Ligand SMILES: Nc1ncnc2c1ncn2[C@@H]1O[C@H](COP(=O)(O)OP(=O)(O)OP(=O)(O)O)[C@@H](O)[C@H]1O
Ligand SMILES: [Mg+2]
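In the working numbering, the protein residues as written are 9 to 288.
Right, here's the structure in full:
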């Protein structure tokens with residue numbers, strides 16, 4: 009996977025396929041067993057510890073469950089101030105002004121500084137979390153399903169906000185989401201993941217309609233049908249076949265003998281379009 013400056017990669021895939029795990033690895037929270045994570049060409053897990061701190065400033069994460077990602081005893085002021093104090097040593101009026109600026113950026117009134125998490129709605133608290141992520145002026149933010157606990161109108165507001173921030177600050181995003189519409193709206197490229205593997209990726213979101221992996225097509229067909237995907241999850245077995253061959257084998261309408269025996273590699277089929285399938 010490759011995410012360029014100021015761009016957003018949308019990562020989709022079913023529950024449990026490893027999206028959050030990947031997000032945590034990319035944000036420096038969980039060391040990968042294999043592979044590497046490069047930021048500006050440098051391996052983030054192969055740095056002296058003093059540089060790790062600088063890295064924490066560069067990479068931020070916004071979690072799905074905003075209530076669980078803040079300390080309930082801290083008010084919005086304290087939540088947003090923490091990174092400003094830790095990374096920049098701000099205090100007094102400077103600190104206060106910067107917190108106001110960040111609240112304004114996420115369209116919350118200055119008076120909200122004194123509010124505690126339980127006094128915010130889900131959408132408002134997610135804005136506080138976005139303000140906290142923006143406080144350290146990161147170059148990269150992992151957005152792990154930032155919309156899924158919110159209602160549709162608030163989702164649209166947060167999406168617009170994230171889009172405005174991207175334009176204004178040139179920050180890069182990894183947007184993890186089940187919502188293909190949200191991914192289409194905010195992302196510049198898309199990656200479809202299944203059982204911990206990239207099944208298909210498209211570098212230009214404008215070519216979204218070219219998705220052709222059987223699993224991608226399944227995702228597209230299930231758009232807006234809440235819960236429909238769970239019906240065939242039972243069919244997934246952790247058999248030898250699954251491990252040896254394609255992990256989507258047992259659910260795939262296009263499977264062949266070859267799929268059972270060997271895992272297809274991720275192949276480039278045209279400029280900016282990669283797919284892991286023998287029979288697309
Ligand atoms: N700390 C952990 N210890 C053991 N297994 C874990 C841990 N965290 C995640 N897993 C397992 O790893 C797999 C991938 O989990 P992950 O949270 O990355 O999925 P996900 O794609 O983000 O799912 P969702 O869409 O439901 O958030 C799951 O099977 C999960 O149970
Ligand atoms: Mg997750």
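We put the CB at the ideal spot given by N, CA and C, even for glycine. Quantities reported herein were computed from a predicted structural model and do not represent experimental measurements.
Nearest-angstrom Cα separation, counted from residue j out to residue i
i           : j           : result
residue 161 : residue 57  : 43 angstroms
residue 20  : residue 179 : 20 angstroms
residue 118 : residue 129 : 16 angstroms
residue 272 : residue 263 : 12 angstroms
residue 206 : residue 200 : 6 angstroms
residue 235 : residue 156 : With a pLDDT of 49 at residue 235, under the threshold of 50, the modelled position of that residue is not reliable, and the figure given next carries that caveat. Approximately 14 angstroms between the Cα atoms of the pair.
residue 11  : residue 220 : 22 angstroms
residue 168 : residue 147 : 19 angstroms
residue 245 : residue 24  : Here residue 245 scores only 48 on pLDDT, less than 50, and its place in the model is too uncertain to base an answer on.
residue 30  : residue 59  : 22 angstroms
residue 42  : residue 53  : 11 angstroms
residue 44  : residue 261 : 34 angstroms
residue 89  : residue 140 : 8 angstroms
residue 142 : residue 134 : 12 angstroms
residue 243 : residue 231 : Summary for residue 243: the model assigns pLDDT 46, below 50, so the residue's position carries little reliability, and this model does not support an answer.
residue 26  : residue 101 : 43 angstroms
residue 150 : residue 185 : 11 angstroms
residue 50  : residue 188 : 31 angstroms
residue 191 : residue 208 : 15 angstroms
residue 114 : residue 75  : 17 angstroms
residue 282 : residue 258 : 22 angstroms
residue 35  : residue 196 : 20 angstroms
residue 212 : residue 126 : 40 angstroms
residue 69  : residue 116 : 20 angstroms
residue 285 : residue 226 : 14 angstroms
residue 28  : residue 198 : 16 angstroms
residue 216 : residue 255 : 23 angstroms
residue 136 : residue 65  : 17 angstroms
residue 224 : residue 73  : 26 angstroms
residue 112 : residue 61  : 27 angstroms
residue 67  : residue 265 : 43 angstroms
residue 138 : residue 87  : 11 angstroms
residue 274 : residue 97  : 46 angstroms
residue 22  : residue 145 : 31 angstroms
residue 95  : residue 154 : 24 angstroms
Cβ-heavy atom distance, residue i to ligand 1, below 6 angstroms
i           : result
residue 226 : no
residue 29  : yes
residue 25  : yes
Sequence-distant residues of the same chain with beta carbon closer than 6 angstroms to residue i, five excluded per side
i           : result
residue 131 : 158, 162
residue 121 : 84, 85
residue 124 : 83
residue 71  : 77, 152
residue 305 : A question about residue 305 goes unanswered here, because the residues of the chain that appear run from 9 up to 288.
residue 288 : 220, 221
residue 277 : 283
Cβ-based neighbour list, residue i, same chain, cut-off 8 angstroms, excluding 5 preceding and 5 following
i           : result
residue 99  : 93
residue 14  : 174, 178, 179, 180
residue 194 : 16, 18, 167, 170, 171, 174, 181, 183
residue 63  : 36, 47, 52, 55
residue 103 : 89, 92, 93
residue 38  : 29, 32
Spatial neighbours of residue i in its chain, beta-carbon cut-off 7 angstroms, leaving aside the 5 residues before and after
i           : result
residue 269 : 252, 253
residue 218 : 210, 281
residue 248 : At residue 248, the pLDDT of 48 sits below 50, so the modelled position is not reliable; the number obtained from the coordinates is stated separately. Cβ within range, chain order: n/a, list empty.
Residue-chain proximity (residue i, chain B), Cβ-Cβ < 7 angstroms
i          : result
residue 64 : Chain labels in this structure do not include chain B; a single protein chain is all it has.
Can you find at least 3 beta carbon pairs, one from the region 60-79 and one from the region 99-118, that sit closer than 8 angstroms?
Contact between the region 60-79 and the region 99-118 is absent: fewer than 3 CB-CB pairs across the two stretches fall below 8 angstroms.
Contiguous alpha helix (DSSP H) assignments of at least 4 residues, all confined to the region 123-204:
130-143, 160-177, 188-194
Counting only runs of 3+ residues fully inside the region 58-135, write out the beta strand (DSSP E) ranges in chain order.
Counting only runs of 3 or more, we get 67-70.
Mind listing, in chain order, the continuous alpha helix (DSSP H) runs of no fewer than 4 residues lying wholly within the region 16-66?
27-34, 57-66
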